[in-house]
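Each residue of the sequence shown is one higher than the one before, counting from 6 in the working numbering.
Don't be surprised by glycine CBs; every beta carbon is placed ideally from N, CA and C.
One structure is given here, and the rest of the page talks about it.
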Amino acid sequence: MTNMKCISIDLDGTLLNSQHEISVENVKALNELKDSGHCLILNTGRAYADVIKLKAVQNMEIPIFCINGSVLYSETREMLYEATLTVSTYKSIFAILKELGVGILVYTNYGGFPSTLPPLHGKSKQELDTLFQEFNYDEILEKDNLKIYKLIALVHPEQIEMIAEVKAALAGKFDISIASSFPNNVEITSNEAHKGKALLRYQKMLNLSFDEIIAFGDGGNDLAQFEVATTSVAMGNAPVHVQQKADIITKTNDEDGFAYAVRELLQLMNTEEQRSILKN
Numbered sequence: 006m007t008n009m010k011c012i013s014i015d016l017d018g019t020l021l022n023s024q025h026e027i028s029v030e031n032v033k034a035l036n037e038l039k040d041s042g043h044c045l046i047l048n049t050g051r052a053y054a055d056v057i058k059l060k061a062v063q064n065m066e067i068p069i070f071c072i073n074g075s076v077l078y079s080e081t082r083e084m085l086y087e088a089t090l091t092v093s094t095y096k097s098i099f100a101i102l103k104e105l106g107v108g109i110l111v112y113t114n115y116g117g118f119p120s121t122l123p124p125l126h127g128k129s130k131q132e133l134d135t136l137f138q139e140f141n142y143d144e145i146l147e148k149d150n151l152k153i154y155k156l157i158a159l160v161h162p163e164q165i166e167m168i169a170e171v172k173a174a175l176a177g178k179f180d181i182s183i184a185s186s187f188p189n190n191v192e193i194t195s196n197e198a199h200k201g202k203a204l205l206r207y208q209k210m211l212n213l214s215f216d217e218i219i220a221f222g223d224g225g226n227d228l229a230q231f232e233v234a235t236t237s238v239a240m241g242n243a244p245v246h247v248q249q250k251a252d253i254i255t256k257t258n259d260e261d262g263f264a265y266a267v268r269e270l271l272q273l274m275n276t277e278e279q280r281s282i283l284k285n
């Protein structure tokens, strides 16, 4: 296909609004882009099960890159690739995080333990402390053919200074990728897992040639896709350091910033008809 653009889109804080939904405007923009023959990819830190829960996603045939590029699914939901952490690396990192006293989430081929991140949004400090303290992490390692995709170190927003400690404690010790999807977490994956590497890997595996890669994001883990993008778009709600690395800054995720960028800033769909719809 000539002039094929790849549009790589983060979910939380980007395509999803504060209610963790894809707005009607954004769904419309996605469908129009797909109809124009562009390659759309959801590129998220979420686990597959937390992506598939989204109604709008269930109705779309679109590749899904999960857990920061650890697990890649084709548009027909076939697993194309997975990058895992070895059990010994996991144990070493787990011990460091335990020592630091942070909350720990473990993403595996059996799901997330004691949970994945999306269901924890809005939980109180006490609820989270109880969850992490009462969970028996040893049972994870008893599972057959266990695959560990990601660890998340999570702190309460008022303990944000601990994030720097976590990063310092892990720096240079392991063959891992470290990124933050939110300011109060550190996501730890295999060094092969990376939102940017995932885009290049997909292009190679499917023998595609993208003229352009346009990446949308709002978090520290999106800088990895900004690195390989020809155009990077940060959301209006993204932290300053993420915005500084982007080529374009759009409106926030609660103002349909994705759809706005696609139509107004990038003009990927700029027919007269659409212009008049937007003006009304």
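Use the C-beta contact count for LYS284: other C-beta atoms within 10 angstroms, 16 or more gives buried, fewer gives exposed. Residue confidence is low: LYS284 scores 49 on pLDDT, short of 50, so the model does not pin down where it sits. Its coordinate-derived value is still stated next. Classification for LYS284: exposed.
Where ASN73 falls, given that 16 or more other Cβ within 10 Å makes a residue buried: buried
Distance check for TYR53 and ILE69, CA to CA, integer angstroms please. 8 angstroms
For VAL56, report the span of its alpha helix (DSSP H) as first-last. 53-57
So which of GLY241, TYR86, MET9, GLY106 has the shortest CA-CA distance to GLU197? TYR86
Please report the straight-line C-alpha distance between LEU20 and ASP216, rounded to a whole angstrom. 23 angstroms
Is it right to say ALA169 is buried, meaning 16 or more other beta carbons lie within 10 angstroms of its own, or is it exposed? exposed
What is the rounded straight-line gap between the Cα of SER63 and the Cα of ASP55? First, the residue type needs correcting, since residue 63 is Gln and not Ser in the sequence shown. Cα-Cα distance, rounded: 11 angstroms.
Name the one or two DSSP bridge partners that LEU64 has. Inspection of the sequence shows that residue 64 is occupied by Asn rather than by Leu. DSSP, once it has assigned bridges, lists no residue as partnering ASN64.
Step through the CB atoms of chain D and report whether any lies within less than 8 angstroms of the CB of ILE98. Of the chains in the structure shown, none is chain D; there is only one protein chain.
Restricting to Cα atoms, I'd like to know which of LEU45, ALA239, LEU38 is closest to ILE12. LEU45
Name the DSSP bridge partner or partners of LYS10? GLU217
Reducing DSSP to helix, strand and coil, say where THR236 ends up. strand
Alpha carbon to alpha carbon, what distance is there between ALA34 and LEU270? 13 angstroms
In or out: TYR265 buried (at least 16 other Cβ within 10 Å) or exposed? buried
On the CB-based measure, 16 or more other CB atoms within 10 Å of its CB, does ASN258 come out buried or exposed? buried
Run through DSSP, which three-state label would TYR207 get? helix
Taking just the CA atoms, how far does LEU228 sit from VAL245? 12 angstroms
Outcome for ALA243 when other beta-carbon atoms lying within 10 angstroms are tallied against a minimum of 16: buried
Find the nearest neighbour of LYS39 within the set LYS10, ARG82, ASP261, judged by alpha-carbon distance. LYS10
If you run the structure through DSSP and keep just helix, strand and coil, what is MET84? strand
Below 8 angstroms on the Cβ atoms is my guess for ASN250 versus PHE263; work out the distance and round it to an integer in Å. The sequence given here has Lys at residue 250, not Asn. LYS250 to PHE263, Cβ: 18 angstroms. No contact.
Using 10 angstroms around the beta-carbon of LEU211, count the other beta-carbons present and answer buried if the total reaches 16, otherwise exposed. exposed
To the nearest whole angstrom, what separates the beta carbons of VAL92 and ILE153, a pair I think is in contact under 8 angstroms? 7 angstroms
Which whole-angstrom value is the C-beta distance of ALA220 and ALA234, which I expect to be below 8 angstroms? 4 angstroms
To the nearest whole angstrom, what separates the beta carbons of ALA239 and ILE218, a pair I think is in contact under 8 angstroms? Not really, about 15 angstroms apart at Cβ, beyond 8 angstroms.
Residue interval of the alpha helix (DSSP H) (run including GLY50): Note, GLY50: premise wrong, no alpha helix (DSSP H); not H, not E.
Per-residue burial, GLY18 [other beta carbons within 10 Å of its own, 16 or more giving buried]: buried
Nearest-angstrom Cα distance between GLU66 and MET167? 40 angstroms
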